[in-house]
Structures are given as structure tokens and as C-alpha cells.
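When we follow this note's numbering, the leftmost residue of the sequence shown carries the number 9, and every step to the right adds one.
For every residue, glycine included, the Cβ atom is placed at its ideal position computed from N, Cα and C.
What follows is a short report on a single structure.
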Amino acid sequence: MSIRSVIAAVCGVLAVLASVVVGAAPADAAPPTTRVLIIPGQYVGAVPFAPMADNLTSRGYPTTVLDLPGFDMKTDAGKIAAAVDRIHRLHPHDRVALVGFSIGGVSARYYLKEMGGHPKVSTYVAAGAPQYGSPGACGQQAGPEVCPGTPFMTSLNKGDDTPGSTEYYDVRSAREWVDGHLDGGQCRVTPIPANESLPALGLEHTFEPFDPKIWDVTVAAINGQCRGRFVTEPDGILTYQKSAQPGAPGYR
Numbered sequence: 009m010s011i012r013s014v015i016a017a018v019c020g021v022l023a024v025l026a027s028v029v030v031g032a033a034p035a036d037a038a039p040p041t042t043r044v045l046i047i048p049g050q051y052v053g054a055v056p057f058a059p060m061a062d063n064l065t066s067r068g069y070p071t072t073v074l075d076l077p078g079f080d081m082k083t084d085a086g087k088i089a090a091a092v093d094r095i096h097r098l099h100p101h102d103r104v105a106l107v108g109f110s111i112g113g114v115s116a117r118y119y120l121k122e123m124g125g126h127p128k129v130s131t132y133v134a135a136g137a138p139q140y141g142s143p144g145a146c147g148q149q150a151g152p153e154v155c156p157g158t159p160f161m162t163s164l165n166k167g168d169d170t171p172g173s174t175e176y177y178d179v180r181s182a183r184e185w186v187d188g189h190l191d192g193g194q195c196r197v198t199p200i201p202a203n204e205s206l207p208a209l210g211l212e213h214t215f216e217p218f219d220p221k222i223w224d225v226t227v228a229a230i231n232g233q234c235r236g237r238f239v240t241e242p243d244g245i246l247t248y249q250k251s252a253q254p255g256a257p258g259y260r
């Protein structure tokens, strides 16, 4: 066999191998997984969120509930930061979604905005979160800084509420004290229908983590589906008084 023939044969083999490698790459490349961190609200702890975590995990979104007391927003935000960093360290190719309930949504947003966490989080879902404050926090030992008009809330809501490329979602039941709206770009999910078995205002807020309808819209949000209306609102428009719903203290 001539040298030219040998070179041609080797080139042919290399071409076949290259085509096999190139062709195999897309089949071997698994899509990134979204890992979910659930952040509870005041006093609740992790246990009540186990059914939701199990449901999301069974649907392909490995979910961890952070056992946070909801007493101090900045301390909780620091623990959220550590949990997000741990996920990225262990699973560098996966996405992270934060699902914050009640004031857990506020501590999560503090992490995103004030601690620069938004580049590390693909999706933020706030369920029943008092984004412009709640009178229920006023004078309480747990989360008193969430009282409307405190320096903490004033600073948090100054400027763009929804920084970076993170997708922001607002989820709530039809009977809540506040609407959970943010300025900037936000998907405002259509309010979840009222649970008529819970007639007292406030109980629906407490039972949101157990509502399968909340689970479903959360999964939709993780998949980038806005089950409501996407709104872009300028800074300086929103206040607690404007966010309060009928029946809430200060509503007018």
C-alpha cells in the first residue's frame, strides 16, 4: 500500500470517529435540572412543606425545604445564600429556583437584590408574600422589619424590585391581605380560587403550601409559563396601601 493510500485510509477512519463523537454529544447531554429551595414563613419550619417538596421532587424538580424560623430577614437571607451556593457547588450545571412563602418570599428577595444573589437563581416564586409589608409583622418578635414603612422595607423596595435575568412570579390565593406585586418585570399569576372550606380570612394564606393548585402553578413557573399576566411596572408606583386587599388592615 502506498503512503498516499495509508494517509487516505487514516483520514477516513478519523472522519468516521469524528462523526460518531459529534453525533453522540447531543444524545449524551442531559438537559439541566432545576433544583428547588422552599423558604417557609414565620414560625412554620420545614415539616408542613414536606408534601409540596415530595410532589415537586416526584415531578422532576429535586426540592429541599430550608428549616428557617422566619425571625430575622437578613439572617435567613444569609442561610438562603449558603444553600444556593451549596447546590451550585454540588451540581454546577443545574438551575436553582426559590419558592418563598409569606415572609419567606421577602427574605428570599432580600438575598436576590441586596446580597446580589440573582445571577445564581433562574426562577423566584413568591406565594402570599407581603412584598410591600404586612401589618401582621408590626410589633411581632418574628420578622418585625416586614412591618410597612420600616427602614428594611423602604430600602428593599427602593429601585428595581426584580433585578437581573431571574424570572419573578407572584402567586396568591384569592383571599389574601396583600397582592404581592413588585415593580419591574413580574408574572402575576391569576389568584388561586378561594377554598370555601376555609371561610376565615387568613386561613387560606396559612394553607397555601398544602394546595395542589399552588403546586401546579409553581411547576408552571419553573418551566417559564406565566399562568396569569406579565407586567412591567415603573419604580415608585407601589405602596403597602395599594397592595392591601379588602379585609386587610389599612385597606382603602
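In the DSSP secondary-structure assignment, Glu175 is bridged to Thr131. Contact between Gly108 and Ala90 does not hold, since their C-beta atoms are separated by about 16 Å, which reaches or exceeds 8 Å.
The alpha-carbon separation between Ala229 and Asp178 amounts to approximately 10 Å. In the DSSP annotation of this structure, the continuous segment of the alpha helix (DSSP H) that includes Val114 starts and ends at Ile111 to Glu122. Pairing Thr170 with His99 gives a Cβ-Cβ distance that is not under 9 Å. By the beta-carbon neighbour count (other beta carbons within 10 angstroms, threshold 16), Asn231 is exposed. For His189, the CB contacts under 7 Å within the same chain, skipping 5 residues up- and downstream, are Gln139, Asp178, Arg196, Leu246 and Ser251 in chain order. Spatial neighbours of Leu120 in its own chain (CB-CB distance under 8 Å, excluding positions within 5 residues in sequence) are listed in chain order as Leu106, His126, Val129, Tyr132, Pro171, Gly172 and Thr174. Looking at Gly193, Pro77 and Arg67, the one whose alpha-carbon comes closest to that of Val55 is Pro77.
Around the CB of Ser205, fewer than 16 other CB atoms lie within 10 Å, so the residue is classed as exposed.
If you draw a straight line from the Cα of Met60 to the Cα of Phe215, it is about 12 Å long. In the DSSP assignment, Gln249 falls within the unbroken alpha helix (DSSP H) covering Tyr248 to Ser251.
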